[in-house]
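Sequential numbering of the sequence shown, starting at 92, is according to our numbering. All C-beta atoms, glycine included, are put in the ideal place defined by N, C-alpha and C. From a predicted model like this one, the values you see are computed outputs, not experimental measurements.
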Amino acid sequence: VKTTLTNVPFLKNNNLDYSNILSFLGDNARKWVWLLFLPFVILVVTAISNAANLTDGLDGLATGISAIIGGTLGILAYVSGHTLFADYLSILYLPNSGELVVFSACFIGGCIGFLWYNAYPAKVFMGDTGSLTIGAIIATMAILLRKELLLPILCGIFVVENLSVVLQVFYFKYTRKKYGEGIRLFRMAPLHHHYQKLGMHESKIVTRFWIVGILLAVFTIITLKIR
């Protein structure tokens, strides 16, 4: 679907036209909207890919979270491709977006099949290539569904893991410059390693992160009706 519209959570009129951001260009806004949209897409794909890569630090963590996210995107693809559901939820109707349900099912199947061997104690690891690819797939699906602004909620685990690294590095450098000695916010970053240092078992950390991931997935779907 060739449109510059996207869905924005929580707003009463939850559609955003990227060209409106360039309204100061007048009639040329739609012509040059790609100058805004393309860098934004690159940023989203890069951010989610990197965040997924950072999350892949414990057996089954990134794989399980990715399967949950993939299932949620499959639901969003299904409702976006049906006029009845799209109208009820006041979201963009995207013809043929239902085809992404099939892709989402394949993605989930791949994640679950891999999780069988990646669960603790893992026999197989995805490595950087796998985690970066998974993040890129998730970001691309969200962009195709015009739900990229829901990613901070849906991929909340990924985002928090990424932020924990950024905050750790920033705070350490800041305190080292100010006090002469670096202070760490967390015992270790990303966040899942912090809990490991606190003595929590790897399986417990992964399970609890999955639970939070499921809650975030449910909340993401609920936001379609929250105004």
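Exercise. First and last residue of the alpha helix (DSSP H) that includes D118?
Worked result: That residue, D118, is in no alpha helix (DSSP H); it is neither H nor E in DSSP.
Problem set entry | The beta strand (DSSP E) enclosing T311, as first and last residue numbers | T311 -> not in any beta strand (DSSP E); alpha helix (DSSP H) instead, spanning 293-313.
For this session: Taking all protein chains shown into account, decide if P212 is buried (16 or more other Cβ within 10 angstroms of its Cβ) or exposed.
Result: exposed
Problem set entry | DSSP bridge partner residues for N98 (one or two, in chain order) | N106, per the DSSP bridge assignment.
Exercise. Cα-Cα, which of G155, S110, I248 is closest to W123?
Worked result: S110
Exercise. Touch check for the segment 252-262 and the segment 165-180: three-plus C-beta pairs under 8 Å?
Worked result: Taking 8 Å as the limit for Cβ pairs, the verdict is that the segment 165-180 does not touch the segment 252-262.
Problem set entry | Buried versus exposed call for Y286 [16 or more other C-beta atoms within 10 Å across all chains shown] | buried
Exercise. So what's R267 in DSSP terms, helix, strand or just coil?
Worked result: helix
Problem set entry | Alpha-carbon spacing of A143 relative to A233, whole angstroms | 15 Å
For this session: Apply the 10 Å Cβ neighbour rule to T174 and answer buried if 16 or more other Cβ atoms are within range, or exposed otherwise.
Result: exposed
For this session: Examine the Cβ distances between the segment 272-281 and the segment 197-217 and report whether three or more of them are shorter than 8 Å.
Result: no
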